[in-house]
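Everything in the sequence shown is counted per the numbering used here, starting at 1348 for the first residue and increasing by one. Even for Gly, the Cβ is constructed at its ideal location relative to N, Cα and C.
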Amino acid sequence: MNILITGGAGFIGSNLCHRLYEQGHTIYCLDNLYTGRKKNVEDLIGKDRFVFIKQDICEDDLFKDLHFDRIYNLACPASPPAYQKEPIHTTMTCTVGMYNMLVVAQEHGARILQASTSEVYGDPDVSPQREDYRGNVSCIGIRSCYDEGKRCAESLCFDFQRAGRADVRVVRIFNTYGPNMRADDGRVLTNMICQALKGEPITVYGNGHQTRSFCYVDDTVNGLIKVMESDYKDPVNIGNPDERTINSMAVMIKKYLDSKSPIIYQFLPADDPKQRCPSIEVAKYLGWEPKVCLEDGIVNLIEYLKKEIQ
């Protein structure tokens, strides 16, 4: 198939590019390189069946001379420092960009998968979070450009679907980690690992009792493909329900790196969720569940980040 992957030079997008290329598809990788990096796909650039396009999905007149069978829309900064740095553009990417990609899908007769996020649940009042939970999101907070932007993107997807204008799939991705993460992306695992590698204090925000559920990128990519090729048209959580506290992650990283870095505590940022854990019963019904345990995945990420910060 001809497959367009927007945000294809980003962390998850580049891993998806590699997986689908290995399966024999022709890949069109689009990225504006705001947080994506060409180095993530440099081994594919110049090969047959791979095309890199530097472009923003908020631009008009996209892809008039191309044809796609599948579209994976991953174009949006996903780490809080990145999306809060340019919050208006983040919102525009989630709304105008989403609309543009749905129109492309309609014109091409392509199935489109929107990479949504667990952030649509906000700071949840229930756990684990099921797909029918409507969330607890601030519409005016510093994270709202991303949280509400992604919620609006889902609304657009399902309005197009109800109107018969696009064949839509929506995946809500929970915290994902692994190779091709930026060392400076500001996410909790990269922050703590890089601080420990440099011998700096390991920063924990809040009291460290807040939880996250980390899913290795290979598992996330498998989930995206599984949902894309399924007949299921409602949102699907893709994440690992192995819930851990932030304190436990700091201790694990210190142990694996034999680090003497002290753990220090700073104020919790506004609207930062205190608990995050997916219900994956729908994903299991579709034949997907995570395979990589956190301990093995963390070792892989550590080895990758050692090379990144050299």
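Three or more beta-carbon pairs drawn from the stretch 1437-1448 and the stretch 1484-1500 are found closer than 8 Å, and the two stretches are therefore classed as touching. Between the stretch 1505-1525 and the stretch 1577-1588 there are three or more C-beta pairs closer than 8 Å, enough to call the two in contact. For residue 1542, the closest of 1478, 1610 and 1389 by C-alpha to C-alpha distance is 1610. Annotated three-state conformation of residue 1644 is helix, per DSSP.
Taking one beta carbon from each stretch, the stretch 1523-1534 and the stretch 1349-1359 have 3 or more pairs nearer than 8 Å; the two touch. When DSSP states are grouped into helix, strand and coil, residue 1495 belongs to the helix group. By the criterion of at least three beta-carbon pairs nearer than 8 Å, the stretch 1533-1552 is not in contact with the stretch 1481-1494. The stretch 1597-1607 and the stretch 1633-1648 touch, with no fewer than 3 CB-CB distances between them shorter than 8 Å. Boundaries for residue 1606: no beta strand (DSSP E) harbours it, and the DSSP string shows neither H nor E there.
In chain order, 1608 place their CB closer than 7 Å to the CB of residue 1547, counting only its own chain and leaving out the 5 sequence neighbours on each side.
Short of 6 Å from the beta carbon of residue 1434, and not among the five residues preceding or following it, lie these beta carbons of its own chain, in chain order: 1492. Judged by beta-carbon spacing, residue 1570 lies within the 8 Å limit of residue 1635, meaning their Cβ atoms are closer than that value. Taking the Cα of residue 1378 as reference, the smallest distance to any Cα among 1427, 1650 and 1400 is reached at 1400.
As computed with DSSP, residue 1469 is found in a beta bridge with 1483. Residue environment analysis places residue 1348 among the exposed positions, since fewer than 16 neighbouring C-beta atoms fall within 10 angstroms of its C-beta.
Per DSSP, the unbroken alpha helix (DSSP H) holding residue 1541 starts and ends at 1535-1544. Of all alpha-carbon atoms in 1503, 1369 and 1420, the one lying nearest the alpha-carbon of residue 1397 is that of 1369. Around the beta carbon of residue 1614, fewer than 16 other beta carbons sit within 10 angstroms, so the residue counts as exposed. Sorting 1575, 1593, 1472 and 1448 by C-alpha distance to the C-alpha of residue 1630 places 1575 at the top.
Sequence-distant Cβ neighbours of residue 1350 in its own chain, meaning closer than 8 Å and more than five residues away, are 1367, 1372, 1373, 1374, 1375, 1415, 1416, 1417, 1418 and 1419. In this structure, DSSP gives residue 1548 a state outside helix and strand, which the three-state scheme calls coil. Under the DSSP assignment, residue 1517 falls in the beta strand (DSSP E) whose first and last residues are 1514-1520. Residue 1476 and residue 1620 have their alpha carbons spaced roughly 12 Å apart. Residue 1639 carries a coil assignment under DSSP once its states are collapsed to helix, strand and coil. Boundaries of the alpha helix (DSSP H) harbouring residue 1438: 1434-1439, taken from the DSSP string. Here residue 1380 is exposed: its Cβ has fewer than 16 other Cβ atoms, across all protein chains shown, within 10 Å. The Cβ atoms of residue 1461 and residue 1388 do not sit closer than 8 Å to each other. A distance of 8 Å or more separates the beta carbons of residue 1489 and residue 1557. Under DSSP, residue 1458 takes part in a beta bridge, and its partners are 1417 and 1514.
Counting along the chain, the unbroken beta strand (DSSP E) around residue 1560 starts and ends at 1558-1560. In terms of CA proximity to residue 1504, 1449 leads the group 1550, 1474 and 1449.
Residue burial annotation: residue 1364 is buried, with at least 16 other C-beta atoms found within 10 angstroms of its C-beta.
Pairing residue 1471 with residue 1623, the inter-Cα distance amounts to about 7 Å.
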